[in-house]
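Residues in the sequence shown are numbered consecutively from 2, following our numbering.
Note that CB positions come from ideal geometry on N, CA and C, so glycine has one too.
Please read all numbers here as calculations on a predicted model, not as lab measurements.
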Amino acid sequence: MFWSVQLLGTDIYHLIAAFCIYSMLGWLIESIYMSFCNRKLTNRGFAKSPFCPIYGVGAMGAYILFTPLKKHWWVVYLVGCFTATVFEFLVGKMMIHLFGELWWDYNEKPFNYKGIICLESTIAWGFYAVGIVYFLHARIDWFIDLFQVRTGILIISIILTIVLIDYIIQLLKAFKVDMSKQKEAIVEHYRNFKARWN
């Protein structure tokens, strides 16, 4: 069964469930923080759903990469600072290339580089890495195990389906795809396909 396949010391079910939880927790924490900074409710996600996959990828990557370094917390901290900053920089450059804009701006922060990365965030990433490896991930696994696997799979499937639809809609808007024209093209392709079989 797909969900029970072992990967990176755990099964795919726990990996995907943890990814979903970290993505939603990341969205929640950043939205609260930015709402406080902006003094108004702020959705920090790309889409409408409460889901930031960059946090899911980052947290799972941190857990997988840094757990072997667990004997030395300061190594986890320093490697966490470095790798997360590089990851944030690469994602930022990709966003600028794809969308022509960056969805965060560190220009107001001291010791920033092109508004993409800054010292404050680098320091924070190290603490996040330590928190995930030593404290948070074990509690995430505990929470996942509160649910029967079948129930968990259903919840994951619903969450990922909603997020996928949401992200497709937002990407189409971001790339300024005219959905009315696309709908007409799909209908026309269907009619042509159907005509061949009649």
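Distance CB(residue i)-CB(residue j) smaller than 8 Å
{"i": "L101", "j": "Y14", "result": "Residue 101 is actually Gly in this sequence, not Leu. Against a cut-off of 8 Å, the Cβ pair of Y14 and G101 comes out as no contact."}
{"i": "C21", "j": "G57", "result": "yes"}
{"i": "L42", "j": "S36", "result": "yes"}
{"i": "M61", "j": "L16", "result": "yes"}
{"i": "I124", "j": "F90", "result": "no"}
{"i": "I141", "j": "A19", "result": "yes"}
{"i": "Q171", "j": "A48", "result": "yes"}
Reduced DSSP category for residue i - H, G, I as helix; E, B as strand; rest coil
{"i": "I118", "result": "strand"}
Range of the contiguous alpha helix (DSSP H) that encloses residue i
{"i": "M35", "result": "13 to 39"}
{"i": "W4", "result": "Premise fails: W4 is in no alpha helix (DSSP H) and is neither H nor E."}
Own chain partners of residue i with C-beta closer than 7 Å, once the 5 adjacent residues on each side are dropped
{"i": "I160", "result": "C21"}
{"i": "P54", "result": "S24"}
{"i": "S50", "result": "I163, V164, D167"}
Neighbourhood of residue i by C-beta distance below 8 Å, restricted to the same chain and skipping five residues each side
{"i": "T162", "result": "none"}
{"i": "V80", "result": "L66, F67, L70, A130"}
Spatial neighbours of residue i in its chain, beta-carbon cut-off 6 Å, leaving aside the 5 residues before and after
{"i": "V77", "result": "F67, L70, A130, V131, V134"}
{"i": "V6", "result": "I13"}
{"i": "K110", "result": "C119, E121"}
{"i": "I33", "result": "none"}
Residue i Cβ short of 7 Å to the ligand GTP heavy atom set
{"i": "L103", "result": "No copy of the ligand GTP appears in this structure; indeed no ligand is present at all."}
**Message:** Quick check on the DSSP output: what are the complete alpha helix (DSSP H) runs of length 4 or more inside the segment 41 to 128, in order along the chain?
**Reply:** 54 to 67, 74 to 100
**Asked** Which parts of the segment 124 to 158 are runs of the alpha helix (DSSP H), unbroken and 4 residues or longer, counting only runs that do not cross its ends?
**Response** 138 to 145
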